[in-house]
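Residue numbers (the numbering used here), protein chains in the order written: chain A, 171 to 513; chain P, 567 to 676.
We put the beta carbon where it would ideally sit given N, CA and C, even for glycine.
Take a look at the structure set out below.
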Amino acid sequence: MKHANKNIVIIGGGPCGMEAAYRLKNEGMNVILVEKGPSLGGHLACWDRLFPESIKADDLLDILKNNISDVNCFLNTEIIKMNLRNDAYDIELSNGITVLARAVLFATGFDIFPAEKKEEYGYGIYNKVITNKDLEQYFKTGKDERIPANPKNIGFIHCVGSRDEKIGNRQCSKVCCATAVKQACEIKERFPDANVYSFYMDLRMFGRHYEDLYYKAQHECGVRFIRGRVSEISENKEGKLIVKAEDTLMGKPIKITMDLVVLMAGMKNSEAGIKTAGQLAVLRDDDGFFNSEDSFYNLEKSAYRGIFFAGTCLGPKTIPETINEARSAVLSIKEYVESFAND
Amino acid sequence: MIDFGYTLNPSSRINLDNFDRNKFEKLSKSEPDVLLCIGCGSCTASCTAGKYTDTSLRKAILSILDCNEKAAVDFAASCLLCGKCTLVCPRSINTRNLLLSITKIYGKKQ
Ligand SMILES: Cc1cc2nc3c(=O)[nH]c(=O)nc-3n(C[C@H](O)[C@H](O)[C@H](O)COP(=O)(O)OP(=O)(O)OC[C@H]3O[C@@H](n4cnc5c(N)ncnc54)[C@H](O)[C@@H]3O)c2cc1C
Ligand code: SF4
Ligand code: SF4
Ligand code: SF4
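Following this line, the structure appears as structure tokens:
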């Protein structure tokens with residue numbers, strides 16, 4: 171009998187790829203995890219605390235990492251070539267290794283929308299405009315030159331690079347409302363004297379306990395929520411920011427001087443993931459994320475045999491959703507691999 | 567100067583830099599739930615006086631936040647204190663206490 175091929179290549183070592191690697195290993199598969207960056211964790215490694223309960227991102231990262239201490243992980247590695255050969259994928263890695271994989275899981279994740287593209291908000295031009303990612307970094311390290319010692323007014327701007335056809339992203343990034351509300355509470359804890367504002371269009375607090383977070387932001391932290399999209403930000407002589415929007419609930423234009431503005435940059439499909447998938451001509455939807463076989467029952471399957479997806483390369487989602495999707499992909503991969511055993 | 571019949575309108579833009587935080591803290595001390603309003607409009611929709619006058623608790627709250635204290639008092643002025651809005655408010659705000667506090671803190675005679 172021919173030795174059964176149980177090689178599975180996972181592309182991307184974020185929460186999705188790590189969880190899938192662990193579960194596939196437990197199912198007796200031979201897992202090869204390929205991560206282009208120097209370390210595991212994906213975006214989880216960039217976050218300080220996670221909504222809604224504010225658990226430490228590093229605690230979750232440690233769990234995911236410990237689970238796969240005995241899995242073959244190639245860091246700083248990319249896929250050079252990928253070809254279908256006799257129901258398996260012949261894969262050449264940038265570290266010189268080649269693998270004949272029965273199945274490939276894309277766990278390539280997302281990229282944060284480059285906020286400088288939304289020029290009217292002045293990211294990269296004005297010193298006091300930062301992004302959600304920058305603020306997480308500040309929470310982690312306590313260091314960011316741009317954040318003043320005693321900010322009086324701090325503004326959070328929702329939907330930056332999302333729900334905006336002008337910059338080519340019509341979709342909602344889903345996690346940034348909860349992130350904004352979480353960060354608004356956290357910054358208020360750091361700077362209790364500051365006035366904290368949130369400029370939103372719709373507040374999408376969809377998940378369990380998210381509404382409680384919103385309640386806390388209002389009641390305990392006194393965050394002022396203003397319904398209206400910020401139209402532009404400019405800088406005055408003192409280097410403070412002038413923010414303009416409409417309070418659409420009152421139908422009046424407003425103007426306010428801010429000491430710090432945080433942009434809720436959204437999610438788009440990962441460029442690196444798209445490039446790798448391009449070798450197989452994997453299809454993508456209007457929103458740039460990969461296309462599943464169908465979006466109800468076979469979410470984790472692609473149109474190609476042996477190619478699977480999970481996590482944020484299929485669209486914006488939270489970490490628990492990502493982890494669940496990783497597990498569901500593992501189930502499908504296992505079924506797929508076992509279908510060859512009966513040949 | 568010859569009057570050509572033109573006038574300059576004062577800007578209707580709200581300058582949030584003028585927000586009176588101390589006064590608002592007085593209000594939120596008297597009725598902490600004012601912070602919880604989600605602007606849903608249920609109060610205004612069910613308001614007994616609102617059918618005939620410009621009574622609106624929602625707009626009164628927002629006017630305070632938008633630095634328009636006079637408008638806030640006006641939106642509360644014709645309130646009959648009937649309490650219907652308390653019954654419908656999804657955030658369980660003690661609306662009558664809030665309306666009275668708005669008049670007390672932001673009305674002319676403090
Ligand atoms: C500002 C912000 C805050 C957030 N906060 C929370 C929160 O508090 N709670 C929560 O539940 N969710 C949060 N999220 C969402 C969370 O970050 C994602 O759900 C999660 O990171 C998705 O994991 P992933 O593995 O799909 O993708 P990623 O985390 O993006 O990981 C993908 C990995 O794949 C690698 N990769 C990509 N392409 C290739 C390639 N071609 N070859 C090799 N490697 C590749 C990348 O380097 C990366 O390491 C937040 C998102 C944002 C934008
Ligand atoms: S989650 Fe909120 S901030 Fe993010 S794109 Fe959707 S509506 Fe905008
Ligand atoms: S208490 Fe006042 S605001 Fe509320 S419903 Fe009655 S009249 Fe209207
Ligand atoms: S019913 Fe309550 S929450 Fe809704 S607008 Fe009125 S005061 Fe605000």
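Beta-bridge partners of residue i, as assigned by DSSP
{"i": "A:L516", "result": "Here chain A covers residues 171 to 513 and nothing more, so residue 516 of chain A does not appear."}
{"i": "A:S404", "result": "A:I412"}
{"i": "A:E262", "result": "A:K251 and A:T268"}
{"i": "A:D281", "result": "A:K438"}
{"i": "A:N177", "result": "A:N200"}
{"i": "A:L275", "result": "A:I180 and A:F478"}
{"i": "A:V299", "result": "A:V431"}
{"i": "A:L423", "result": "Per the sequence presented here, residue 423 of chain A reads as Pro, with Leu not at that position. Beta-bridge pairing links A:P423 to A:E416."}
{"i": "A:K242", "result": "Checking the sequence, you will find Asn at residue 242 of chain A rather than Lys. Per DSSP, A:I202."}
{"i": "A:V330", "result": "A:A435"}
{"i": "A:F460", "result": "A:R454"}
{"i": "A:N339", "result": "A:D334"}
{"i": "A:Y293", "result": "A:Y296"}
Residue i versus residue j: straight-line alpha-carbon distance, rounded
{"i": "A:H389", "j": "A:V432", "result": "21 Å"}
{"i": "A:I261", "j": "A:N339", "result": "32 Å"}
{"i": "A:I337", "j": "A:G331", "result": "7 Å"}
{"i": "A:K471", "j": "A:V179", "result": "15 Å"}
{"i": "A:T247", "j": "A:V241", "result": "15 Å"}
{"i": "A:L245", "j": "A:I282", "result": "21 Å"}
{"i": "A:N196", "j": "A:A447", "result": "27 Å"}
{"i": "A:G184", "j": "A:E441", "result": "15 Å"}
{"i": "P:K617", "j": "P:F590", "result": "28 Å"}
{"i": "A:N297", "j": "A:K414", "result": "18 Å"}
{"i": "A:G292", "j": "A:P284", "result": "12 Å"}
{"i": "A:S343", "j": "A:L450", "result": "26 Å"}
{"i": "P:A642", "j": "A:L411", "result": "34 Å"}
{"i": "P:N575", "j": "P:L666", "result": "33 Å"}
{"i": "A:C391", "j": "P:N660", "result": "20 Å"}
{"i": "A:S264", "j": "A:K251", "result": "9 Å"}
{"i": "A:F376", "j": "A:E491", "result": "13 Å"}
{"i": "P:D586", "j": "P:K650", "result": "30 Å"}
{"i": "P:S594", "j": "P:T610", "result": "21 Å"}
{"i": "A:E290", "j": "A:D228", "result": "34 Å"}
{"i": "A:N177", "j": "A:Y259", "result": "10 Å"}
{"i": "P:N634", "j": "A:R316", "result": "33 Å"}
{"i": "P:G673", "j": "A:A435", "result": "42 Å"}
{"i": "P:N663", "j": "P:T669", "result": "10 Å"}
Contact test: residue i Cβ vs ligand 5 heavy atom, cutoff 6 Å
{"i": "A:N237", "result": "Ligands in the displayed structure: ligand 1, ligand 2, ligand 3 and ligand 4; ligand 5 is not one of them."}
Margin query: With a threshold of 8 Å, are at least 3 pairs of Cβ atoms found where one atom belongs to the segment 639-659 of chain P and the other to the segment 613-630 of chain P?
Written below: yes
Margin query: Residues of the segment 416-430 of chain A in Cβ contact with chain P at a cutoff of 7 Å, in chain order, please.
Written below: D417, L419, M420, K422, P423, I424, K425, I426 and T427
Checklist line | In chain order, each beta strand (DSSP E) run of at least 3 residues that lies wholly inside the segment 195-239 of chain A | finding: 200-204
Next item on the list: Let me know the beta strand (DSSP E) ranges lying completely inside the segment 341-405 of chain A, each 3 residues or longer, listed in chain order.
Entry: 365-370, 394-397 and 402-405
Margin query: Would the segment 377-388 of chain A count as touching the segment 398-406 of chain A if we require 3 or more Cβ pairs under 8 Å?
Written below: no
Note to self: Counting beta carbon pairs with one atom in the segment 288-302 of chain A and one in the segment 200-216 of chain A, are three or more of them shorter than 8 Å?
What the structure shows: no
Note to self: Please list, in chain order, the residues of the segment 335-365 of chain A that have any C-beta partner in chain P closer than 8 Å.
What the structure shows: N365
Margin query: Does the contact criterion of 3 or more C-beta pairs under 8 Å hold for the segment 469-486 of chain A versus the segment 276-286 of chain A?
Written below: yes
Check: Would you call the segment 654-668 of chain P and the segment 604-615 of chain P touching, i.e. three or more CB-CB distances under 8 Å?
Finding: yes
Check: Listed in chain order, which residues of the segment 658-676 of chain P have Cβ atoms closer than 9 Å to some Cβ of chain A?
Finding: none
Check: Do the segment 567-582 of chain P and the segment 481-488 of chain A meet, that is, are 3 or more Cβ pairs less than 8 Å apart?
Finding: no
Next item on the list: Check distances from the C-beta atoms of the segment 318-334 of chain A to those of chain P and list, in chain order, the residues that come in under 7 Å.
Entry: none
Notebook entry, point to check: Any contact of the segment 351-368 of chain A with the segment 458-466 of chain A, i.e. 3+ C-beta pairs under 8 Å?
Noted result: no
Notebook entry, point to check: Per the contact definition of three or more C-beta pairs closer than 8 Å, is the segment 406-426 of chain A in contact with the segment 307-318 of chain A?
Noted result: no
Checklist line | Three or more C-beta pairs below 8 Å linking the segment 496-507 of chain A and the segment 182-201 of chain A | finding: yes
Note to self: In chain order, what are the residue ranges of uninterrupted beta strand (DSSP E) at least 3 long that sit wholly in the segment 570-609 of chain P?
What the structure shows: none
Note to self: Whether or not the segment 196-209 of chain A and the segment 362-369 of chain A are in contact is what I'm after, with contact meaning three or more pairs of Cβ atoms, one per stretch, closer than 8 Å; do they touch?
What the structure shows: no
Notebook entry, point to check: Going along the chain, which residues of the segment 635-646 of chain P sit with their C-beta nearer than 8 Å to a C-beta in chain A?
Noted result: none
Next item on the list: Could you run through the segment 567-581 of chain P and flag, in chain order, every residue whose CB is less than 7 Å away from some CB of chain A?
Entry: S578, R579, I580 and N581
Margin query: If the cut-off is 9 Å on Cβ atoms, which residues from the segment 437-460 of chain A count as contacting chain P, listed in chain order?
Written below: none
Check: What residues from the segment 377-394 of chain A come within 8 Å of chain P, judged by C-beta to C-beta, listed N to C?
Finding: Y385, Q388, H389, G392 and R394
Next item on the list: Please determine if the segment 216-236 of chain A and the segment 578-588 of chain P are in contact, where contact requires at least 3 C-beta pairs separated by less than 8 Å.
Entry: no
Note to self: In chain order, what are the residue ranges of uninterrupted alpha helix (DSSP H) at least 4 long that sit wholly in the segment 601-675 of chain P?
What the structure shows: 608-612, 623-631, 635-643, 650-654 and 661-672
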